[in-house]
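Chains R and G supply the protein sequences, listed in that same order. When you read off a place in the first sequence, starting at 1, and then add 5, the result is the number in our numbering. Residue 135 in our numbering is what sits at position 147 of the second sequence, and the numbering runs on without skipping anything. Okay, so here's the structure we're looking at.
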Amino acid sequence: MLKAAQPDRPDALTWVFLGLGLLLLPVGLYLALSAPPDVNQGYLARIMYLHVPGAWLGYLAFFVTFLYSLLYLFRQNPRYDRVALASAEIGLVFMGLALVTGMLWARPTWGVYWTWEPRLTTTAILFAVYVGYFLLRGAIEDPELRAKAAAAVGILGFINVPISYMSVKWWRSLHQTQSIDLTTGKIHMDPAMLQALLFNLFVFTLLYLGFVRFRALLAALEARKEEA
Amino acid sequence: MGRIWLLALRDLRLEVRDRAGLLSILAFFAVMLFIMALALGPEEEPLRRAAPGVLWVALAFGSTLLSTRAFALEVEEGTLDDLLLTPGGKEWIYLGKLLFQMLLLLPLAALALLMVAGLFYLPLERLLPLFLTLALGVLGYASVATFYAGLLARLRGREVLLPLLLFSLVVPVVLASVRATTGLAEGLPLAEVSAWWQLLLVFDVVYLTASALLFPVVMEG
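Here it is, written out as structure tokens:
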């Protein structure tokens, strides 16, 4: 009974997500490399298949952190705190990926690695918010206070996500607007490119789900060790 | 509402009676503005252009310094738990501390505005719209700062953590306030500036409600 409640190895679903994600990753890469080149940017636009899913999953991960932080505050179940932690960590990785690929993309298209443009700036700040989230976690010893304080940051910090997402529309500037606009449902993209992008997004989502489940399990093991 | 005023006025009285804290924050403002003016050079044009940014960065630093004061005395005297033990909801503690912050920050912000106007050639022709920007922006700072100050009040490393968490969160407020101030300084029509005021108002409402709702949940236990 106890073992079922607190498993000490990943369950089947975690392995399915991770395995499928890793298996499909080369397929996504193949699709990305065989997709037609962009009218304006040529082959350069292919970094999009890495950049866009990275950013989207970063946003999604922070949303999950927000959701589980809320759940934790109202239910006080440590499990929710662990999922929030796991998602924030994976989200930070994906957001970092989006930032790095964005910089690599910016150098040939805009001529600079970094510019103080609203989308870039808000994304960097978003990154800083979740770095702060982990610094805060590291500073508090008491597990319950740590979870509560982290949940508060996870909730308040999420306010920056819609700002970052909408920044390209609010301040029309250097960064191109969304190719798939979630607010209006309009898609400005070639169908073949869209297919490749959506497939890569799907693969990344599988990986995200697998990583989060895996990380939350690790956090549970850590917590059990801390108690013992 | 009575409790909120009571708490705010009590804190204000303690703060004014102490004087040392307020004076040190004023001195901090002045020194910071001097350093920035020195760093940006003696020419008038770059100073004027930097003025709105300098004003809001100075206010951001000032509000972090002040927010630690909101709960410092309570922790020192061990009265935070007494406050939390009072029957009924806990939102009024947050709101009272926020009101105290606003009562201190508003005059300080007005003074900072005058100092920036003097040192950085910020034009003061449209004083009322400038004050409106100040009030909206300062409320945005204070609402988050007070919440985090309460959350971190009992922590050891709070002096470093607070600005770190705070600055990344109030960036939208900084941005909107700086844009509004720049617009006013450059003489843009009020209709254009008011878009930034609306944005500020939205942030203020969001931060204030979220903090007031979260505060009781986070402080209990």
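The beta carbon of each residue, even a glycine, is placed where N, CA and C say it ideally should be. Since the model is a prediction, treat every value here as computed from it, not as a measurement.
Against chain G, with Cβ distances strictly below 8 Å, would K8 of chain R count as a contact? With a pLDDT of only 43 at K8 of chain R, under the threshold of 50, the placement of this residue in the model should not be trusted; the figure read from the coordinates follows. Taking 8 Å as the CB threshold, K8 of chain R stays off the interface with chain G.
Task: According to DSSP, residues forming a beta bridge with D43 of chain R - done: Per DSSP, R:G47.
(request) Name, please, each residue of chain G whose Cβ falls closer than 7 Å to the Cβ of V158 of chain R. (result) Correct list: L153.
query: Is the segment 87 to 101 of chain R touching the segment 25 to 44 of chain R, taking contact as three or more C-beta pairs under 8 Å?
result: Segment contact: the segment 87 to 101 of chain R against the segment 25 to 44 of chain R, fewer than three CB-CB distances shorter than 8 Å; contact not assigned.
Practice problem: Determine, using beta carbons only, whether L211 of chain R and G26 of chain R come nearer to each other than 8 Å. | Solution: Annotated as proximal: L211 of chain R and G26 of chain R, with beta-carbon spacing under 8 Å.
Exercise. Rounded to whole angstroms, what's the CA-CA distance from T70 of chain R to A105 of chain G? Just pull it up for me.
Key: Spanning the two alpha carbons is a distance of roughly 43 Å.
_Can you tell me whether D86 of chain R is helix, strand or coil according to DSSP?_
Assigned with DSSP and collapsed to three states, D86 of chain R falls in helix.
Cβ neighbour criterion (16 or more within 10 Å) applied to K8 of chain R: For K8 of chain R, the predicted structure reports a pLDDT of 43, less than 50, and the residue's modelled location is therefore unreliable. The matter cannot be settled from this model.
Check your understanding: So, T106 of chain R versus L49 of chain R, is the Cβ gap smaller than 8 Å?
Key -> Not a contact, by the Cβ cut-off of 8 Å.
| What residue from G:A48, G:E3, G:L94, G:P160 has the CA that sits closest to A60 of chain G's CA? | Minimum Cα distance to A60 of chain G is reached at G:E3.
At the 8 Å Cβ level, is G63 of chain R part of the contact set with chain G, yes or no? False, the Cβ-Cβ gap to chain G never drops below 8 Å.
With 8 Å as the limit, tell me which residues of the segment 78 to 104 of chain R have their beta carbon closer than that to any beta carbon of chain G; keep them in chain order. Residues are counted here when their Cβ sits less than 8 Å from a Cβ of chain G; for the segment 78 to 104 of chain R these are L78, F79, given in chain order.
Could you give the distance in angstroms between the alpha-carbon of A225 of chain R and the alpha-carbon of L141 of chain R? Cα to Cα, the separation comes out at about 19 Å.
### Message
Taking CB distances under 8 Å as the criterion, tell me whether L76 of chain R reaches chain G.
### Response
No, no contact with chain G.
- Item | Partners in chain R for L157 of chain G, counting only beta-carbon separations shorter than 8 Å | At a C-beta separation below 8 Å, L157 of chain G has these neighbours in chain R: V134, L161, G162, I164, N165.
Quiz item: What are the boundary residues of the alpha helix (DSSP H) that includes P34 of chain G?
Solution: From DSSP, the alpha helix (DSSP H) with P34 of chain G extends over 32 to 65.
In chain A, which residues lie with their C-beta within 8 Å of the C-beta of L202 of chain G? Absent from the structure: chain A. Protein chains present are R and G.
For this session: Inspect the CB distances between the segment 81 to 91 of chain R and the segment 115 to 125 of chain R and report whether three or more fall short of 8 Å.
Result: The segment 81 to 91 of chain R vs the segment 115 to 125 of chain R: no contact.
| field | Under 8 Å by beta carbon: chain G residues contacting A144 of chain R | value | Listed along chain G, the residues sitting closer than 8 Å to A144 of chain R by beta-carbon distance are L143, R144, G145, L149.
* To do: Please state whether DSSP places H56 of chain R in a helix, a strand or coil.
  => Helix, per DSSP.
Member of R:D16, R:T19, R:M53 whose CA lies at the smallest distance from the CA of F204 of chain R
Comparing Cα-Cα distances from F204 of chain R to each of R:D16, R:T19, R:M53, the minimum goes to R:M53.
Q.
Suppose the cutoff is 7 Å on Cβ atoms and the five residues either side in sequence are ignored; what does the same chain contact list for M108 of chain R look like?
A. Within the same chain, Cβ atoms closer than 7 Å to the Cβ of M108 of chain R are found at Y118, W119, the five residues on either side in sequence being excluded.
Tell me the residue span of the alpha helix (DSSP H) that contains F203 of chain G. For F203 of chain G, the enclosing alpha helix (DSSP H) begins and ends at 178 to 207.
**Item:** Min CB distance L140 of chain R to chain G below 8 Å
**Value:** Residue contact check for L140 of chain R against chain G: a CB pair falls below 8 Å.
Taking 8 Å as the cut-off, decide whether the C-beta atoms of L104 of chain R and A133 of chain R are in contact. No, they are not a contact pair.
Exercise. Would you call the CB atoms of K85 of chain G and T52 of chain G closer than 8 Å?
Worked result: Cβ distance not < 8 Å, so K85 of chain G and T52 of chain G don't count as in contact.
Does any CB atom of chain G fall closer than 8 Å to the CB of D13 of chain R?
-> With respect to chain G, the C-beta atom of D13 of chain R has no partner C-beta closer than 8 Å.
For a contact defined as C-beta to C-beta under 7 Å, what are the partners of L139 of chain G on chain R?
Those are A154, A157, listed as they occur along chain R.
Practice item. Would you verify that the beta carbon of V42 of chain G is, or is not, closer than 8 Å to some beta carbon of chain R? Key: It does not; no Cβ of chain R falls within 8 Å.
task: State whether the segment 117 to 128 of chain G contacts the segment 183 to 194 of chain G, with contact taken as three or more CB pairs (one from each stretch) at a distance under 8 Å.
output: Enough Cβ pairs lie closer than 8 Å, so yes.
Contact set for M6 of chain R: own chain, Cβ-Cβ below 7 Å, skip 5 residues either direction: At M6 of chain R the pLDDT is 34, less than 50, meaning the model places this residue with poor confidence; the figure from the coordinates comes in the next sentence. The answer is none, since no qualifying residue turns up.
So, is the C-beta of A198 of chain G closer than 8 Å to a C-beta in chain R?
It does: the Cβ of A198 of chain G has a partner Cβ on chain R nearer than 8 Å.
Going by the C-beta, is Q89 of chain G closer than 7 Å to any heavy atom of the ligand ZN? The ligand ZN is not part of this structure, which contains no ligands at all.
Any C-beta of chain G sitting closer than 8 Å to the C-beta of I168 of chain R? For I168 of chain R, the answer is yes, since a Cβ of chain G falls inside 8 Å of its Cβ.
Check your understanding: Taking Cβ positions, are L75 of chain R and A198 of chain G nearer each other than 8 Å?
Key -> One thing to note: L75 of chain R has its Cβ no nearer than 8 Å to the Cβ of A198 of chain G.
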